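Notes follow once the structure below has been shown.
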Amino acid sequence: MKSRDLIKLLLYGLAMLGGGVFLLYALSGFGNRPRLIDQGVKDKILHMGNGSEPSGIDVHLTTGVQEHAIQMALTEGLMSEDPITLDPVPGMAERWDISEDGTVYTFYLRDALWSNGDSVTAQDFALSFKRALSASIGSEYSYMLFPLVNGEAYFKGEVEDFDQVGAKALDDKTLQITLEYSIPYFLSLINHHSWYPVHIASVEANGGFADRSNTWARLGTFVGNGPFVLHEWNVNSVLSVRKNPLYWDADSVKLNGINFYHIESLDTEERAFRAGQIHKTYKLPLPKIPHYIAEKDPRLLNAPYLGTYQYALNTSIKGLDDKRVRKALSMSIDRDSIVRNVTGAGEFPSYSIVPPDCAGYNSRSKVEYDVPEAQRLLAEAGYPGGEGFPKFSILYNTLESHKSIAEAIQQMWKENLGIEVGLENQEWKVYLDSKVRGDFDIVRFGWIGDYVDPNTFMDLYTGNSGNNNTRWASKEYDSLVVAASKENDPEKRLEIFQKAEEILVDEVPFIPIYYYMSTYLVDQRVKGLYPNLLDHHPYKHVYLEE
Amino acid sequence: MLRFVAIRLLQAIPVLLIISVVTFLMMKAAPGGPFDQEVKAMDEVIAALEAHYHLDKPAIQQYLIWLGNAIQGDLGPSFKYSNRSVNELIASSFPVSLELGLWAMMIALGLGIGAGVMASIRPNTTTDYLPMSVAMIGICVPRFVMGPILILVFAIYLQWYNASGWFFASDRVLPALTLGVYYAAYVARLTRGGMLEVLGQDYIRTARAKGASENRVILRHALKGGIRPVVSFFGPAMANLLAGSFIVETIFQIPGLGRFFILSAFNRDYTMLLGTVLFYSVLIIVLNLIADIVLVWLNPRMRFE
Amino acid sequence: MSDIADISNSQEAIDLAQAEKGASLWQDSWRRLRKNHLAVSGGAILLVTGFICLLGIWVGQPHDAQNLDLGATAPSAEHWLGTDMLGRDLLSRVLFGGRISLMVGLAATFVSLVIGVIYGTLSGYIGGKVDAVMMRIVDILYTIPFIIFVILLMVFFGRNLFLIFAAIGAVEWLTMARIVRGQVLSVKNEEFIEAARALGLSQARIIFRHMIPNVIGPVIVYATLTVPAVMLLEAVLSFLGLGVQAPATSWGALIKEGADAMEEYPWMLLFPGGTLAISLFCLNFLGDGLRDALDVRRSKD
């Protein structure tokens, strides 16, 4: 039994050792723990929460907001953004010419370098656009480049020679872009990451040119042209970037680096902020927002965000195929009460689709909160007092806030119209599947603009939009949206949008509820970080003040 | 015993095959695919993605391709994290879960067995009710409540520890406690039950009658039989601990395997899901095997069979 | 009869004799249980809680009546436990949630108990190849990704309460089976079982009269541990769309909501959490009492 005793002794020893080490760990927490954010201010390192782990940093492969936040630090497109207004400002392009008819843009690139010392050329851009338009890479945002002449045709394989696409390097520093039609917001459009350049030599050295499994966009092989370079990347933990000395405007970059902490849970993130671990949160959990607002906490930043929270209606099923019913449903929702009591972050109630002040556009048409009129319409449609109304349910993906809103609306419809609707929550992917297959009556839906122009919202409800799940389509509406895209006069163009929006508000294929807000906490020593519609914060303007 | 272990390991092969087939079939049957997003991608893009990951091939072929690679130790690329492999993600996250799991196990066994034994010495008296009531905290307070409360007290008000992350030695303390106290409650109750069962048995009476000291009776004779239910419970529980706890890893933002295990299902990240399930299966098989060996070791009357 | 005379001196014979008089064993246990005041009051409180939950739906305010402008308020004369963020009375929600949680908790635990005990006993008692196959099946079921399993259940069968029990029962019996098997393996070579065999009792009789009573202690303890696990698992199922549908609620869902707002509106966590805790304490006292009462060995003391 000797060996058994030995094992026992070993186990006891291990247990004692384990207990001791754990105690040491526990004790190491006491005493003066330097708060990460205080150290960060000294070292000029910005610590920020950045949502869940990014799926990658390759600008052609990602779709998310948290990925874009990192890409903005590592890569710079032809243009950059004003930190307050988001207006396009010179980036890699020093200056540019636009042809009379607004379809040909000639960009003159500045003498800028990639982080490995190569110079940034017009060919880099042209080839990057080629990569973005290569179907084999499976880029969800390929369509962003469809305005290029033959862009869509190249993507679909109808044109095989990229020379026929409207993106040409005239020489090393001159890039000519030809569009199918004039786009008044083109210089803003190309601030989308799908228009960012990639370092072609690095791409080709680490896999196929348009191969999704290419491994160039990782620590060690990634080469960028932005104000920062990739420094460290631990999955589900932290991705850090440090100042890029080769960046053309390095002198105006005030931060030495940024640490992006990938924190999945918003509650965890908010607690990390209070424990002094991060300067800025990605978002703020819903129940906390009214509390911070009530306390008038100066660290709370709360700004309109370019997105609309809505309920899409399945207009192909009986009951909802009647415009009067749809209108009655929309008119009987007290949106003021919802934003005041349920969401509570100071959101604006939504009565149409385009958020206010979107590139100078403000919707004229709106649906009123008018219960008697809603009751009248419902009666007219054959359901007086909700009698005989079919049993619908509201479908939403599982989230506490979606649930609360659905519960509130369910109650409003019950009280105002006398109709009973059910609630149904589904897990995210199941919900997406039901939505696309049209397997719903009423479905919660959020639409975020890709760029600051009403067009990104108007596009959604055109007949050929892949994201219009309502089965509703109107030729008149479609033709107005097309007409707007061809209209060169900005005033007239917005006027056409007004007309199109009138149709949406009258036909009610969806029920707008409210416009999103971006809400987060920022330490007061962080300067130069301004709230704006896209929640973009060009980092070269950000600095930390002691 | 060697024969016993060898047989069990041989049995593991068909078990793993069945698990991978069942998981594959279930995964394929579940609605929603890896490339569904809020903004629906164009059909051409979906087609390109499916071609890239062989999802355009017949299901049986997809499975065989995966199996062929898996046998060679390659679990394939992650669909969600486009340029990382499943092997790499498991390799980087498992050590974290392993460390957290071991700390939690230490706490669970230390507190749990201690409390359970103490309670069983004089059942239905204060020395029983007190430790058992404390143990009940682990059961009544779910981990998603316990974690935040510990953070609020120790990280935010007292500022002793970080509220999240896995960077410093002291970052281990709160998550290990959250997880450990939960399992400690199970261990304590099972130990008490097991001990009471054993303390009534003849060999304990015999030992007492022979004049062995009470401490000796309890620690030497009774405990061996008393922790049998704990051992049965701890095989799978330990596998859960080592594979990582989704809840605790989320609350404390710990880069462990538990998050991948759950999120791969939510993301329909097929290769990641199959990979983590397979990994977890191996853990379960090995730990259940160890539990069965310990059971025999604790009871000389039992045989390996 | 000489066999019995041979072993009549050993304790096992007394056990055996007692166990063979099945009815009196249960009567004995019941008598012992009644003497355990803690267990009796635990059971009584549980019963009362269950009764109030059922009754509360008819006498109290409706659980889904909102008052958006009121919002979350602390306990007051009008709302004894306060209100939630949509201004709903927390008391009526706790009572309504209790109905669902108690039902799911007890029913699913019972399902897992029955399956687990029978499966574990058979596996351990028969042993050999059967045991190996049965236990490998358990290994396989352990690793089935639960989330996908639940999603599939919902897709193929839709949403109903029976499925909740099925889904929870399907995972919770596994550990139960392992514990029971472990106990059975250690008991089956003991003298009293051999004695029972020697008496030529039928297999079923040996299993149900002698085996199961001797392993019942850990089973009851683990069953009382299963109830809280099941109640919280129900909240996970709700997340996946299978559990109770809003505005209906359960304790698990209420505690989750309360946990999210524990600093702002502590009562939203305190009351549902407190109710759950009290119920679990009662359940455990009852469980311990049952365990003691059913302990065939201690009964001789």
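Chains as they are written, first to last, in my numbering: chain A, 96 to 641; chain B, 42 to 346; chain C, 348 to 648.
Just so it is clear, CB atoms sit at the ideal spot from N, CA and C, and this is done for glycine as well.
Here the structure is a predicted model, which means the values were calculated and not measured.
If contacts are defined as beta-carbon pairs under 8 angstroms, then C:V577 and C:L630 qualify, I think. What distance do you get, rounded to the angstrom?
About 12 angstroms separates the two Cβ atoms, so there is no contact after all.
In terms of residues, what are the limits of the alpha helix (DSSP H) holding B:H93?
D84 to H93
For B:F208, count neighbouring Cβ atoms within 10 angstroms of its own Cβ and tell me buried if that reaches 16, exposed if not.
exposed
Counting along the chain, where does the beta strand (DSSP E) carrying C:N561 start and finish?
Counting along the chain, C:N561 falls outside any beta strand (DSSP E), though it belongs to the alpha helix (DSSP H) covering I559 to F586.
Determine, for C:L580, whether the minimum Cβ-Cβ distance to residues of chain B falls below 8 angstroms.
no
Which chain C residues sit within Cβ distance under 9 angstroms of B:R64?
Residue identity check: residue 64 of chain B is Thr in the sequence provided, not Arg. Under the 9 angstroms cutoff, chain C gives T490, I491, P492 and I495.
DSSP three-state label for A:K498, please.
helix
Going by C-alpha distance, which of A:V531, A:A474 and A:N492 is nearest A:I514?
A:A474
Run through DSSP, which three-state label would C:G605 get?
helix
May I ask you to report which of helix, strand or coil DSSP gives A:K263?
strand
What residue range is occupied by the uninterrupted alpha helix (DSSP H) comprising A:Q166?
V160 to L169
Buried or exposed for A:Q161, going by 16 or more other Cβ atoms inside 10 Å?
buried
Identify which residue in A:E359, A:L616, A:L639 and A:I232 has its Cα closest to the Cα of A:K383.
A:L616
Run through chain C and tell me which residues come within less than 9 angstroms of B:A306, C-beta to C-beta.
P492, F493, I494, I495 and I498
When the Cβ atoms of the stretch 252-261 of chain A are set against those of the stretch 185-197 of chain A, are three or more pairs found closer than 8 angstroms?
no
The alpha helix (DSSP H) with A:Y251 in it runs from where to where?
For the sequence presented, residue 251 of chain A should be read as Lys rather than Tyr. Note, A:K251: premise wrong, no alpha helix (DSSP H); not H, not E.
Could you name the residues of chain C that B:V158 contacts, counting a contact when the two beta carbons are closer than 8 angstroms?
None at all; the shortest Cβ gap to chain C is about 15 angstroms.
Please confirm whether B:V127 and B:G316 have their CB atoms less than 8 angstroms apart.
yes
Just to make sure I have the definition right: I need the residues of chain B whose C-beta is within less than 9 angstroms of the C-beta of C:D375. Which are they?
In chain order: nothing, as chain B lies at least about 15 angstroms away.
Does C:A611 get closer than 8 angstroms to chain A when you measure Cβ to Cβ?
Before going on, a small fix: residue 611 of chain C reads as Glu here, not Ala. Cβ-Cβ to chain A under 8 angstroms: yes for C:E611.
Check each candidate in A:D528, A:Y491, A:D536 and A:Y107 and name the one with the smallest Cα separation from A:N520.
A:Y491
Give the interface partners of A:A501 over in chain F, defined as CB-CB distance under 8 angstroms, in chain order.
The question asks about chain F, but that chain is absent: this structure's protein chains are A, B and C.
Just mark C:N561 as buried or exposed, buried being the case when its beta carbon has 16 or more other beta carbons within 10 Å.
buried
Name the chain A residues that come within less than 8 angstroms of C:G588, Cβ to Cβ?
T493, E519, N520, Q521, E522 and V525
Give, in chain order, every residue of the stretch 407-429 of chain C whose Cβ lies closer than 7 angstroms to some Cβ of chain A.
Q413, L415, D416 and G418
Assign A:D375 to one of three DSSP states: helix, strand, or coil.
Reading the sequence as shown, one finds Lys at residue 375 of chain A and not Asp. It is a strand residue.
Quick check on DSSP: helix, strand or coil for B:I295?
coil
Which listed residue (C:L587, C:L579 and C:W614) has its alpha carbon closest to that of C:G445
C:L579
Would the beta-carbon of C:R528 fall within 8 angstroms of that of C:G467?
yes
So, helix, strand or coil for A:M612, using DSSP?
strand
Along the chain, which unbroken stretches of the alpha helix (DSSP H) at least 4 residues long are found entirely within the stretch 548-581 of chain A?
550-553 and 570-581
How would you call A:L527, buried or exposed, if buried means at least 16 neighbouring beta carbons within 10 angstroms?
buried
Spatially closest choice to A:F323 from A:P444, A:P399, A:D256 and A:T170, by CA coordinates:
A:T170
For a contact defined as C-beta to C-beta under 7 angstroms, what are the partners of B:G235 on chain C?
P565
I need the straight-line Cα distance from A:L101 to C:A542, nearest angstrom please.
38 angstroms
Looking only at DSSP bridge pairs, what is B:I180 linked to?
B:I180 pairs with nothing; no bridge assigned.
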